[in-house]
Amino acid sequence: MEIGIKMKKILKYSFLIFMVLGLKSCDSNTINNQNTENYFPINIGNYWIYNTYSLDSYKNKINGTEKRDSIIAERKLELEGKQAFQLTVYRDSFRYDTLFFSIESTKVFMLFDSIDINLPDFGKRWFLIADFSKTSDIEWHIYDNIISNYQYNFLDSILLTTNHNTINGKLESGDFFQYNNKSYKSKLFQSRYDKRLYFNFKFPDNISTNEVEVNIVTQQNFHFTFAENIGLVGIKYDPYSTTTRTNPITSYNTAITFEGKQSDLIKFLIVK
53 MEIGIKMKKI
63 LKYSFLIFMV
73 LGLKSCDSNT
83 INNQNTENYF
93 PINIGNYWIY
103 NTYSLDSYKN
113 KINGTEKRDS
123 IIAERKLELE
133 GKQAFQLTVY
143 RDSFRYDTLF
153 FSIESTKVFM
163 LFDSIDINLP
173 DFGKRWFLIA
183 DFSKTSDIEW
193 HIYDNIISNY
203 QYNFLDSILL
213 TTNHNTINGK
223 LESGDFFQYN
233 NKSYKSKLFQ
243 SRYDKRLYFN
253 FKFPDNISTN
263 EVEVNIVTQQ
273 NFHFTFAENI
283 GLVGIKYDPY
293 STTTRTNPIT
303 SYNTAITFEG
313 KQSDLIKFLI
323 VK
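My numbering applies: residue 53 is where the sequence shown begins, and numbers increase by one.
Here it is in structure tokens:
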């Protein structure tokens, strides 16, 4: 994607927040005339408000990082071949992001573009991030791309590498979401992003070998929890790392770690 770069939306974490910042102030949470299971009810005027914070490498909350994120469904339109909803994200009452979702029966699609996935000629693509008909954790394929002769700056050298990006989704679990002393059936989905760059390189202090194999690997997990007749009630981007590995092992083996993010629903309004 260079997702780490939905996943700026499944992939900006504020992917999201998938939905999120304080637009309206509402003292009560409302679900109007919802008699059937609907894990992601989107209608114009619906909104969801979250408490969002950063996570350390142990997935613990980092104090002092709290933000108030909200999302409001603002309009319906046709986009990239699908009927879609535009959801505007606000952070601490300021406009922060714009997200697009499409619902097809039990499936939720999210629109990604070249800002979210920094690859040549990526354009815009719908990714399946949730399928409520799933009953097991069998993965489904979302995206796969291999680019040969991909230019990459490594130690101030421009190299031609192989760039492999893969995204897979799965149902992690089914459970119940507790809210205001009431239980709602919920489903937790995961999107896993793997980015790999591999090439051969001659390090300046490596005298015994002309070139060594270099692999630069980024792996990220994104979690989305949907509750019946409410929608997206939780978003979690796990802390992750980008590792550089050489074969044979050299002193250039490194790992760079990045914080995670989590959003917990605190208020919502669902209209018929």
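All C-beta atoms, glycine included, are put in the ideal place defined by N, C-alpha and C.
Classified as buried, G283 has 16 or more neighbouring CB atoms from the shown chains inside 10 Å of its CB. Remark: three or more beta-carbon pairs, one from each stretch, lie closer than 8 Å, so the segment 271-290 and the segment 303-320 are flagged as touching. Between the segment 209-223 and the segment 237-251 there are three or more C-beta pairs closer than 8 Å, enough to call the two in contact. The three-state reading of DSSP puts E156 in strand, counting E and B together. Here V264 carries a strand assignment [DSSP, helix/strand/coil]. Where G283 is concerned, the enclosing beta strand (DSSP E) starts and stops at G283 to Y289.
Counting C-beta pairs with one atom in each stretch, the segment 147-158 and the segment 203-215 have fewer than three that are closer than 8 Å, which means they do not touch.
Comparing alpha carbon positions, the residue from S166, L321, T140 and K134 closest to K176 is S166. Ranked by Cα distance from Q272, the first of E263, F253, F255 and D246 is D246. With distances taken between CA atoms, I96 lies nearest to A125 out of A125, K111 and S109.
Within the segment 131-188, the complete beta strand (DSSP E) segments of 3 residues or longer fall at 134-143, 146-156, 159-165 and 176-183, listed in chain order. L212 sits in a strand when the DSSP states are folded into three classes. Going by C-alpha positions, F164 is about 25 Å away from I322. Cβ-Cβ distances below 7 Å link N299 to V264 and E265 in the same chain, with the five nearest sequence neighbours on each side left out; the list follows chain order. With 16 or more other Cβ atoms inside 10 Å of its own Cβ, W100 counts as buried. A Cβ-Cβ distance of about 6 Å is found for the pair Y102 and D316, placing them in contact under the 8 Å criterion. Taking L249 as reference, the option from T295, K237, F255 and Q230 with the minimal CA-CA separation is T295. With respect to the 8 Å criterion, F179 and I219 are classified as neighbours on the basis of their beta carbons. Apart from the 5 residues on each side of it in sequence, W192 sits with its Cβ closer than 6 Å to the Cβ of G221 in its chain, given in chain order.
Among the bridge pairs identified by DSSP, N103 is matched with R120 and D316. The DSSP-derived three-state label of G97 is coil.
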